[in-house]
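So the sequence shown is numbered by full-length UniProt numbering: it starts at 1 and just counts up by one.
Shown next, in structure tokens, is the structure this report addresses.
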Amino acid sequence: MSSTSTDPFEPRQTGEKVRQELEKLVETVWSGSERALGALGLSGLTGHEMHPRLDITETETAVEVVADIPGIDPENVNISLAGNMLTLSGTHPLRAPSEHSVVHRQERSAGEFSRSVPLPCPVNADDVSATAKNGVLEITLKKPEAEQVHQIQIHVKSHETDPVGNTEPS
Numbered sequence: 001m002s003s004t005s006t007d008p009f010e011p012r013q014t015g016e017k018v019r020q021e022l023e024k025l026v027e028t029v030w031s032g033s034e035r036a037l038g039a040l041g042l043s044g045l046t047g048h049e050m051h052p053r054l055d056i057t058e059t060e061t062a063v064e065v066v067a068d069i070p071g072i073d074p075e076n077v078n079i080s081l082a083g084n085m086l087t088l089s090g091t092h093p094l095r096a097p098s099e100h101s102v103v104h105r106q107e108r109s110a111g112e113f114s115r116s117v118p119l120p121c122p123v124n125a126d127d128v129s130a131t132a133k134n135g136v137l138e139i140t141l142k143k144p145e146a147e148q149v150h151q152i153q154i155h156v157k158s159h160e161t162d163p164v165g166n167t168e169p170s
């Protein structure tokens, strides 16, 4: 007698079949909800929004930001600086399946993204450079030149003035 049954109503096979069907249903509902919310501009509610991961480091002369932008054309990325707030925004295009294919799983993020982060110190907005290679964006923001301390000489008046403006001889 074989230990593997081919009876479709055998409890073990029925349970497995139900589990597989439930997984498919959940996946279909979940991916459909992502697309629907994305169309309404609410894709962040599903937890799969595209936010570039980044590192921020500070040296003596600059702040360096390294961001992962895999699969995104650097031409589709905008970098802006308002005060000490750095913003990366852009578009990550969705690769459309052919009309004769069925999507079984869609996990890759697509659509518009925007990420703003405060920088740890003041930077010179006129001295910023950015390069991209192999899906990694590197931004270097130079710090302003150190301000020199100026000594201010105190001039001593020959006679004092009271708060009302009357002059008293010294």
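Glycine residues also receive a C-beta, built at the ideal position from the N, C-alpha and C atoms.
These numbers come from a predicted model, not from an experiment.
If V65 sits next to L86, beta carbons under 8 Å apart, how far is it from one beta carbon to the other, in whole angstroms?
-> That pair is a contact at about 6 Å.
Within 10 angstroms of the Cβ of Q77, are there 16 or more other Cβ atoms? Answer buried if so, exposed if not.
-> The sequence given here has Val at residue 77, not Gln. Burial call: buried.
Opening and closing residue of the beta strand (DSSP E) in which H92 lies | 85-92
Hey, R115 and P70: beta-carbon distance below 8 Å or not?
-> no
Out of curiosity, what's the CA-to-CA distance linking residue 226 and E145?
-> Past the edges of the chain, shown from 1 to 170, lies residue 226, and the structure says nothing about it.
Burial state of H100, where buried means 16 or more other Cβ atoms lie within 10 Å = exposed
In the structure shown, what three-state DSSP assignment does L25 receive?
-> helix
Tell me which same chain residues have a C-beta within less than 7 Å of the C-beta of T57, skipping the five on either side of it?
-> E64
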